[in-house]
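Below is one structure, written out as structure tokens; comments come after it.
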Amino acid sequence: MICSVNGKEHDLEPGETVERLLERLGLQARYALVEVNREPVERSGYATRNLAEGDVVVVARPVAGG
Amino acid sequence: MKIDDPLVIAGRTFRSRLITGTGKYETFEVMRDAILESGCEMVTVAVRRIDFDAPGEDITSFLPEHVLLLPNTSGAATADEAVRIARLARAGGLPDWIKLEVIPDTRYLLPDPVETLRAAEILVADGFTVLPYIMPDPVLGRRLEEAGCATVMPLAAPIGTGRGLKLLEAIGIMIEQATVPVVVDAGLGAPSHAAGAMELGADAVLVNTAIALASDPVGMARGFRLGVEAGRLGYRAGVMDERTEAVATSPVAGAVPAS
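Quick note, the sequences are listed as chains A and B, same order. Each position in the first sequence, counted from 1, maps to that position plus 104 in my numbering. Each position in the second sequence, counted from 1, maps to that position plus 86 in my numbering.
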């Protein structure tokens, strides 16, 4: 199952959850901010939100800024 | 600040009237030390996509626990983009406070007032506590207040310029008319600038570059802390009226050289 994650194609397991994707990416950030197809995903729903073929995922986080 | 003079924004009390940005520090360790020395209780952060090939360190692990994170919408050139960033931040667990900045202009980084107002209306309706970054425009300020914004944040001079209170007159009118806290944001280059804004009656100031790029950021953080306190104390105590002609402070009568 091919999805775009931050502009790069990733081959994910069918129905992979957001939580599993974050684990796969090895993300240790305290705040992982996720949107799928331009819709934000609630943090509490990462474990249950399934991704689908062709989904466009953005994973962001807080960074230094003014 | 030890004086009983807290800053209250949207019902939340802050002892410090200095807000700092987290950008441009040489290291996150220096940033953390400067934040602690500044005494600030709210810091801004930006939101960016993670580069999984070079993720780098997580800034939030360096931020003191007692400090409120204020995500900004930097990178947004339209209202819709700002709303998207704000919603992404909140969904991911960041506070529902948002520093709203909608900046289409890359040379002077001046905010778009029309898009800012539109975004503010959407975000307030969506339950956000909105702190909008604007040109010092008293009419726009009133419109943002009516839209339900928690503060107005006029710029003193363009972001990162350090030029001080170039737009002082307009900020003064905003302070006179505002019913929400006025936070002077951007362009303050020295503690004296912060003191000047506070003497004018600003409720708080937001500073980033002047501290982060100082040769001693921690020392400058203390300078701004004291500048803000000095200016606030001066405002509360009542700065004297200016006069054109001198008025002697020593007695006129009884001067020794008198014949």
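Ideal placement from N, C-alpha and C gives every residue a C-beta, glycine not left out.
8 Å is my cut-off, CB to CB: does residue 156/A come that close to chain B?
Here residue 156/A refers to the residue found at position 52 when the first sequence is read from its first residue. Contacts with chain B at 8 Å (Cβ-Cβ) do not include residue 156/A.
Would you mind telling me which residues of chain B sit closer than 7 Å to residue 139/A, beta carbon to beta carbon, in chain order?
On the first sequence, position 35 is the one that residue 139/A refers to. By Cβ distance, chain B contributes 174.
DSSP-derived helix/strand/coil call for residue 120/A
The residue you call residue 120/A lines up with position 16 of the first sequence. Looking at residue 120/A - three-state DSSP - the assignment turns out to be coil, as it is neither helix nor strand.
Secondary structure of residue 193/B, DSSP reduced to three states:
Against the second sequence, residue 193/B aligns to sequence position 107. Here residue 193/B sits in coil by DSSP.
Suppose contacts are defined by Cβ-Cβ distances below 8 Å. Is residue 154/B in contact with residue 183/B by that definition?
For the purposes of this step, residue 154/B is taken as residue 68 along the second sequence, with counting starting at 1. For the purposes of this step, residue 183/B is taken as residue 97 along the second sequence, with counting starting at 1. For residue 154/B and residue 183/B, yes; Cβs fall inside 8 Å.
Give the C-beta separation of residue 206/B and residue 235/B to the nearest angstrom, bearing in mind that I take them to be a contact with Cβ-Cβ under 8 Å.
The residue given as residue 206/B occupies position 120 in the second sequence. The residue given as residue 235/B occupies position 149 in the second sequence. Yes, they are in contact, since the Cβ atoms of residue 206/B and residue 235/B sit about 5 Å apart, within 8 Å.
Are the region 144-157 of chain A and the region 109-122 of chain B touching by the rule of at least three beta carbon pairs closer than 8 Å?
no
Less than 8 Å between the CB atoms is what I'm expecting for residue 269/B and residue 257/B, so what's the real figure, rounded?
Here residue 269/B refers to the residue found at position 183 of the second sequence. Here residue 257/B refers to the residue found at position 171 of the second sequence. So it is not a contact: roughly 11 Å between Cβ atoms.
Quick check: the Cα distance between residue 324/B and residue 317/B, rounded to an integer number of angstroms?
Position 238 of the second sequence, counted from the first residue, corresponds to residue 324/B. Position 231 of the second sequence, counted from the first residue, corresponds to residue 317/B. So the two alpha carbons sit approximately 10 Å from each other.
Considering residue 107/B, what are the terminal residues of the beta strand (DSSP E) in which it resides?
Position 21 of the second sequence, counted from the first residue, corresponds to residue 107/B. Following the DSSP letters along the chain, one finds residue 107/B inside the beta strand (DSSP E) bounded by residues 104-107.
So, using beta-carbon positions, are residue 295/B and residue 266/B closer together than 8 Å?
For this step, residue 295/B is matched to residue 209 along the second sequence. For this step, residue 266/B is matched to residue 180 along the second sequence. The answer is no: Cβ separation not under 8 Å.
Straight-line gap, residue 87/B to residue 102/B (C-alpha atoms, nearest Å):
On the second sequence, position 1 is the one that residue 87/B refers to. On the second sequence, position 16 is the one that residue 102/B refers to. Caution applies to residue 87/B, whose pLDDT of 47 falls short of 50 and renders its modelled position unreliable; the value that the coordinates give is listed next. If you take the alpha carbons of residue 87/B and residue 102/B, they lie about 6 Å apart.
Assess contact between the region 116-135 of chain A and the region 104-114 of chain B, defined as three or more Cβ pairs (one per stretch) separated by less than 8 Å. Is contact present?
no
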